[in-house]
Amino acid sequence: MPKINVYLPDELAEAVKEAGLPVSAVCQRALEQAVRRVTAIREAVVGELELDDPAGRLGHFTARARAVFKLALERARERGAAAIGTEDLLAAMLAEGNNLALHVLRAMEIDPEVVGRDLARQLPDRPEASGDEAVRRFSGPAANALEFAVTEAQTLGHNYIGCEHLLLGLVAEPDGTAGQVLRTRGAEARLTRRAVVAALAGYVHLRAQTQSPQPQNPPTQIPQTQGSQTQGVQAPVMDATAQEGALARIGELVRQELRPLAERIERLEQHAGITGPEA
Numbered sequence: 004m005p006k007i008n009v010y011l012p013d014e015l016a017e018a019v020k021e022a023g024l025p026v027s028a029v030c031q032r033a034l035e036q037a038v039r040r041v042t043a044i045r046e047a048v049v050g051e052l053e054l055d056d057p058a059g060r061l062g063h064f065t066a067r068a069r070a071v072f073k074l075a076l077e078r079a080r081e082r083g084a085a086a087i088g089t090e091d092l093l094a095a096m097l098a099e100g101n102n103l104a105l106h107v108l109r110a111m112e113i114d115p116e117v118v119g120r121d122l123a124r125q126l127p128d129r130p131e132a133s134g135d136e137a138v139r140r141f142s143g144p145a146a147n148a149l150e151f152a153v154t155e156a157q158t159l160g161h162n163y164i165g166c167e168h169l170l171l172g173l174v175a176e177p178d179g180t181a182g183q184v185l186r187t188r189g190a191e192a193r194l195t196r197r198a199v200v201a202a203l204a205g206y207v208h209l210r211a212q213t214q215s216p217q218p219q220n221p222p223t224q225i226p227q228t229q230g231s232q233t234q235g236v237q238a239p240v241m242d243a244t245a246q247e248g249a250l251a252r253i254g255e256l257v258r259q260e261l262r263p264l265a266e267r268i269e270r271l272e273q274h275a276g277i278t279g280p281e282a
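Under the numbering used here, the residue at position 65 of the sequence shown is numbered 68, and the numbers go up by one with no gaps.
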């Protein structure tokens, strides 16, 4: 049987030893799941995907992420593209309008509307596709971005893939238009990952605070998965005012988390002479 080395941070390695975990079995299981998810993306034929089916080939993606895929497919068809590109995924994420990735961008002081304008300037005018043309697959960079999204979710220990992971995948992908636009606006991979982690932590905290023992309204369902099984996790129902306040608090939590890192980067840039202190 082939051997693959797995490198761990010191603290995690010590914790694994103390817990006496069967490392080989755990790694095999995790790798099997990752391979299945990545293979499903690489082999995905867009026309055959059941984007509305939480038990389909993209079942590990949340309903909101699958909605982004549908919007991206429509956009690719409208612009006459042969495949869904990273630019279509980013434009669809912006058009969806209410996903966590957009709240992360705003907390990083990156205006989604400005990103949308930057993205539009990057794309040449193309003739509309004829009705007979079909968008069959994700482009190479888009497929790579989705693979990165899967990897980010696995790294963060999440059993689902949402728009926040898709944002991380687009930022990490080096060749696509979406990543270039996002990085130009300051969405560097490490900074964005830290913002996503802070936003998710804030969301979980606020969800716990707003969870009612006996909600008057039926809870919505957020698709998540455990292994290969899809489950529904109950989330509290908040009115528009409460939701707006919750998102504002999440944004503040993200900014507090990012502030020390941003200040450190600014000091390093000033020391290196990249930027000077304000007059």
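Here a beta-carbon is modelled for each residue, glycine too, at the ideal position from N, C-alpha and C. All figures in this text were calculated on a predicted structure; none of them were measured in a lab.
Close beta carbons around residue i, own chain, < 6 Å, minus the five adjacent residues each side
i, result
"A175", "F151, A192"
"F64", "I164"
"G119", "L97"
"N102", "R67, C166"
Proximity of residue i and residue j at Cβ, strictly below 8 Å
i, j, result
"A79", "A86", "yes"
"A201", "G179", "no"
"A66", "Q157", "no"
"V117", "R188", "yes"
"V88", "A123", "Contrary to the premise, residue 88 reads as Gly rather than Val in this sequence. Not a contact, by the Cβ cut-off of 8 Å."
"A104", "L170", "yes"
"V38", "D121", "no"
Candidates the options: closest to residue i by CA position
i, options, result
"G93", "L74, P25, L15", "First, the residue type needs correcting, since residue 93 is Leu and not Gly in the sequence shown. Taking only the C-alpha atoms, the option nearest L93 is L74."
"G83", "V9, V19, L171, L126", "L126"
"T195", "A33, V153, I113", "I113"
"A204", "P177, Q183, E167, A190", "E167"
"K6", "E14, S27, N102, E81", "S27"
"G143", "A22, P177, H161", "P177"
"N8", "Q31, H63, E14", "Q31"
Residue burial classification, residue i (beta-carbon count within 10 angstroms, cutoff 16)
i, result
"H106", "buried"
"I164", "buried"
"G100", "exposed"
"D91", "buried"
"A181", "buried"
"E35", "exposed"
"M4", "exposed"
"Q217", "Its pLDDT being 44, under 50, Q217 is placed unreliably by the model, and nothing is read from it."
"G190", "As written in the sequence, residue 190 is Ala, which differs from the Gly given in the question. When all chains shown are included, A190 counts as buried."
"V29", "exposed"
"S215", "Its pLDDT being 47, under 50, S215 is placed unreliably by the model, and the measurement read from it follows with that caveat. Classification for S215: exposed."
"Q232", "For Q232, the predicted model reports a pLDDT of 36, less than 50, meaning its position is unreliable; a value from the coordinates is still stated below. Flag for Q232 reads exposed."
"L15", "exposed"
"L24", "exposed"
Cβ-based neighbour list, residue i, same chain, cut-off 7 Å, excluding 5 preceding and 5 following
i, result
"A95", "V71, L74, A75, R78"
"G172", "A148, L149, F151, A152, E155"
"A360", "The shown model of the chain, from 4 to 282, leaves out residue 360, and the question about it has no answer."
Residue i - partner residues in DSSP beta bridges
i, result
"G86", "Per the sequence presented here, residue 86 reads as Ala, with Gly not at that position. DSSP, once it has assigned bridges, lists R140 as partnering A86."
"F64", "I164"
Own chain residues within Cβ distance below 8 Å of residue i, not counting five before or after
i, result
"P12", "none"
"V19", "L11, V26"
Near the ligand ATP: residue i beta-carbon under 7 Å from a heavy atom
i, result
"G88", "In terms of ligand content, the structure shown is empty, and the ligand ATP therefore cannot be addressed."
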